[in-house]
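Residue numbers (UniProt numbering): 1 to 318.
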């Protein structure tokens, strides 16, 4: 399948499925007769586009292809998908990752079918192939209250430029005190912030309102007071000389900030928030709404008891 232009989607991401992370350009070319373009046209969230682009390029890698455009999607059979799943399992990928890659393949295949590039039989056979079940326990480092306070103090002490101190303190206050996703943090608008609440547009274009702890409200107010009047976004870029821009941050910048302050990744900060509330007695249904989860089962994964608490339960009650 040849390439098309102009560029529809382009973002710097890590494409390799191995341990080496090498930033490259992911490009989806615009053509309504291309199943890849048609699939990405159905995706609304930029973060979802990035995730699925990375998944498809990893699939190409495991199939020995340099690009997703080198895969002959119209000839993709159920046998080829089964072989791919076996390769992914043999490579030691987690069941969750394998299911993600299989989902990406099936979604492109669906668009190929809609375009008349696949027969009914071919598509039905491919759709019937499933990745194996199962799960893996992932280790997440969570921050407790004292570690959270230490992080916020370090941000204040590490920045000689006042603007960076104000902004980064506000960012981490929101991450740790509201449990937002990084895309929700950078997408926060000034007109969605009051002294007591913020309105957030989360996954699935769903809006939710989150209360602000007084410490979070203060950090936000101090930063917002320093913003240019014309800035519609809460969190914007800052030049090295401390000049505050009106341009919004990218969600990748949140990752960079966690590395700058040598703390856990953004999603672990979100888990830290959820776990602290749950351990303090928060209702799981209320917590799901705060986090923007449509199912409490997702929230339960976030707040699973630590291994230490599980060990203590056995040793105490057996």
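Even glycine gets a Cβ: it sits at the ideal position worked out from N, Cα and C. Predicted model only: the values in this text are computed from it and were never measured.
In this structure, how does DSSP classify residue i when only helix, strand and coil are distinguished?
i	result
residue 294	coil
residue 318	coil
residue 199	strand
residue 193	strand
residue 244	strand
residue 71	coil
In whole angstroms, give me the CA-to-CA distance for residue i and residue j.
i	j	result
residue 233	residue 116	44 angstroms
residue 113	residue 123	7 angstroms
residue 64	residue 211	50 angstroms
residue 299	residue 178	15 angstroms
residue 33	residue 39	11 angstroms
residue 221	residue 241	22 angstroms
residue 310	residue 82	37 angstroms
residue 93	residue 183	26 angstroms
residue 84	residue 27	23 angstroms
residue 277	residue 226	31 angstroms
residue 73	residue 52	16 angstroms
residue 296	residue 205	19 angstroms
residue 166	residue 120	58 angstroms
residue 144	residue 153	14 angstroms
residue 262	residue 256	10 angstroms
residue 133	residue 86	13 angstroms
residue 22	residue 66	Only weak support is given to the placement of residue 22: the predicted model assigns it a pLDDT of 43, under 50, and the value that follows is read from those uncertain coordinates. Roughly 14 angstroms between the two C-alpha positions.
residue 44	residue 50	11 angstroms
residue 268	residue 149	16 angstroms
residue 42	residue 192	27 angstroms
residue 312	residue 285	26 angstroms
residue 58	residue 68	9 angstroms
residue 281	residue 265	25 angstroms
residue 252	residue 100	21 angstroms
residue 131	residue 102	7 angstroms
For the beta strand (DSSP E) containing residue i, name the first residue and the last one.
i	result
residue 237	236–238
residue 207	207–211
Between residue i and residue j, which are expected to be in contact by the criterion C-beta below 8 angstroms, what is the C-beta distance as a whole number of angstroms?
i	j	result
residue 254	residue 186	7 angstroms
residue 151	residue 172	6 angstroms
residue 56	residue 109	About 12 angstroms; that fails the 8 angstroms criterion.
residue 236	residue 248	6 angstroms
residue 195	residue 202	Going by Cβ atoms, the distance from residue 195 to residue 202 rounds to 22 angstroms, so no, they are not a contact pair.
residue 271	residue 140	6 angstroms
residue 106	residue 127	7 angstroms
residue 125	residue 78	4 angstroms
residue 246	residue 239	Contact doesn't hold; Cβ gap of about 12 angstroms is too wide.
For a cutoff of 8 angstroms on Cβ pairs, would you count residue i as touching chain D?
i	result
residue 247	Given the protein chain composition of this structure (a single chain), no chain D is represented.
How would you write the range of the alpha helix (DSSP H) that residue i sits in, first residue to last?
i	result
residue 217	214–226
residue 52	46–62
residue 155	145–158
residue 129	Careful: residue 129 lies outside any alpha helix (DSSP H) and carries neither H nor E.
residue 40	35–41
residue 276	266–279
residue 111	95–114
residue 87	78–90
residue 253	251–260
residue 182	182–186
residue 168	162–178
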